[in-house]
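Participant:
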Amino acid sequence: MEVHKLEQLLNQFKNGDVDMAETLSTLKQLPFEDMGFAKVDHHRALRTGYPEVVFCQGKTHEQVERIYQSLEKHNSNVLLTRAEPGLFERLKKIDDRLRYNELGRCIMLEKEPREKTGSVLVISAGTADIPVAEEAFETASISGAKTERIYDAGVAGIHRLLAHNEKIQQARCIIAVAGMEGALPSVVGGLAPCPVIAVPTSVGYGSHLNGLAPLFTMLNSCAPNITVVNIDNGFGAGFCSAMINATKLNHR
57 MEVHKLEQLL NQFKNGDVDM AETLSTLKQL PFEDMGFAKV DHHRALRTGY PEVVFCQGKT
117 HEQVERIYQS LEKHNSNVLL TRAEPGLFER LKKIDDRLRY NELGRCIMLE KEPREKTGSV
177 LVISAGTADI PVAEEAFETA SISGAKTERI YDAGVAGIHR LLAHNEKIQQ ARCIIAVAGM
237 EGALPSVVGG LAPCPVIAVP TSVGYGSHLN GLAPLFTMLN SCAPNITVVN IDNGFGAGFC
297 SAMINATKLN HR
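The sequence shown maps to residues 57 to 308 in the working numbering.
1. Does the distance from the CB of P270 to the CB of G238 come in under 9 Å?
2. Do three or more CB pairs link the region 202 to 209 to the region 149 to 160 at distances below 8 Å?
3. Ignoring anything shorter than 4 residues, give me the alpha helix (DSSP H) runs that lie fully in the region 145 to 201, in order along the chain.
4. Let's see if you can read the secondary structure: which residues bound the alpha helix (DSSP H) around E118?
5. In the DSSP assignment, the beta strand (DSSP E) including V259 goes from what residue to what residue?
6. DSSP state of V109, grouped into three classes?
7. For T195, does the count of other Cβ atoms within 10 angstroms reach 16, so buried, or fall short, so exposed?
8. Of the residues M76, L135, A192, A139, which one's Cα is nearest the Cα of V178?
9. Are the CB atoms of S126 and E168 within a distance shorter than 9 Å?
10. Would you grab the beta carbon distance between V233 and A181 for me? Rounded to a whole angstrom, and I think it's under 8 Å.
11. Please tell me whether V255 and G200 are closer than 9 Å, where the distance is taken between their beta carbons.
12. Going by DSSP in three states, F295 sits in which element: helix, strand or coil?
13. Could you check what DSSP says for R138 in three-state terms: helix, strand or coil?
14. Quick check on the burial criterion: 16 or more other C-beta atoms within 10 angstroms. Buried or exposed for E190?
15. How about P251 and M274: are their beta carbons less than 9 Å apart?
16. Buried or exposed for M236, please, with buried defined as at least 16 other CB atoms from any protein chain shown within 10 angstroms of its CB.
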C-alpha cells in the first residue's frame with residue numbers, strides 16, 4: 057500500500073466514510089496477503105517507495121490474475137514483467153486500463169502516473185538487445201524516471217554512439233544493454249559522468265555461452281563507474297537506475 061493510499065483510508069475512517077470493520081479488514085492485509093501460493097507484499101511501497109512487481113514467468117495465468125487484482129486494490133501503479141501476450145489478453149478483459157509492451161514483455165497499470173523527472177538513458181548495442189532494453193525502459197519510467205532510448209549503437213559502429221554524446225553527458229544514470237562480447241558498457245563508462253548499469257544479454261553465437269561472455273566482460277571492465285546486473289535482467293537495471301536518479305534529484 058502506498059503512503060497516500062494509507063492516508064486516504066485513515067481520513068475516510070476519521071470522516072466516517074468507512075466503518076471500523078472495513079478499516080481493520082484493509083489494515084489486516086498489511087504487511088502481506090497470504091494466498092497460499094503467494095504472499096503479496098502490500099507493505100513494500102511503504103518501506104521502499106515502490107510497490108511489489110510481479111515476475112510472471114513460471115506462474116499460471118490464474119495466479120498472476122489473483123496477484124494483480126490484490127495489488128491493484130492497494131496501489132496506483134502496478135508493473136508485471138516477463139508477461140506473454142496471452143496473459144495480457146486475459147488481464148485486459150478484467151481491466152482495460154492496462155498497457156502492454158510486447159517487445160519488453162511488460163504489463164503496466166498507471167492510474168496515477170508518477171511525475172517523470174531527472175534523466176535515465178537506455179542504450180542498446182544491437183537491435184536484438186531491444187527486448188531487454190525495453191524491460192529496463194518501462195521499469196525506470198513507471199518508477200518515476202524521465203527515460204530516453206538510444207538503440208543499435210554498439211561498438212561495431214561506434215560513431216553511432218558518439219553522435220549521442222550530449223545526451224550521455226546530461227544523463228543522471230545510464231543503462232547499457234549488450235550481448236555478443238559485451239563491450240558497450242565499458243565505452244559508455246569511459247564517456248559518462250554518471251553511474252552506468254551494464255546489462256548482459258543472451259544474444260550471441262556459440263562461445264558467447266548464452267550471456268556469460270558479455271557478463272564476464274562487464275564484470276572485468278576497467279571503467280570504475282560501471283555496475284553489472286544479471287543476464288537479461290532489464291528489470292533490475294531499470295529499478296536501480298530509477299533509484300539512483302531519484303537520489304541524485306533529492307541531493308541537488
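Note that CB positions come from ideal geometry on N, CA and C, so glycine has one too.
Facilitator: This is what the structure holds:
1. Less than 9 Å divides the Cβ of P270 from the Cβ of G238.
2. Not touching, per the Cβ criterion.
3. Listed in chain order, the complete alpha helix (DSSP H) runs (minimum 4 residues) inside the region 145 to 201 are 186 to 198.
4. Judged by DSSP secondary structure, E118 falls within the alpha helix (DSSP H) whose first and last residues are 117 to 130.
5. First-last for V259: undefined, no H or E at that position.
6. Per DSSP, reduced to three states, the secondary structure at V109 is coil, with no helix or strand assignment.
7. When all chains shown are included, T195 counts as buried.
8. Distances from the alpha-carbon of V178 to those of M76, L135, A192, A139 put A192 closest.
9. Going by beta carbons, E168 and S126 fall outside the 9 Å limit.
10. Contact between V233 and A181 holds: their C-beta atoms lie close to 7 Å from each other, under 8 Å.
11. Taking 9 Å as the Cβ cut-off, V255 and G200 do not qualify as a contacting pair.
12. Three-state result, F295: helix.
13. In the three-state DSSP reduction, R138 falls in the coil class, being neither helix nor strand.
14. Its Cβ being crowded by 16 or more others within 10 Å, E190 is buried.
15. No; because the gap between Cβ atoms is not below 9 Å, this pair is not in contact.
16. Burial call: buried.
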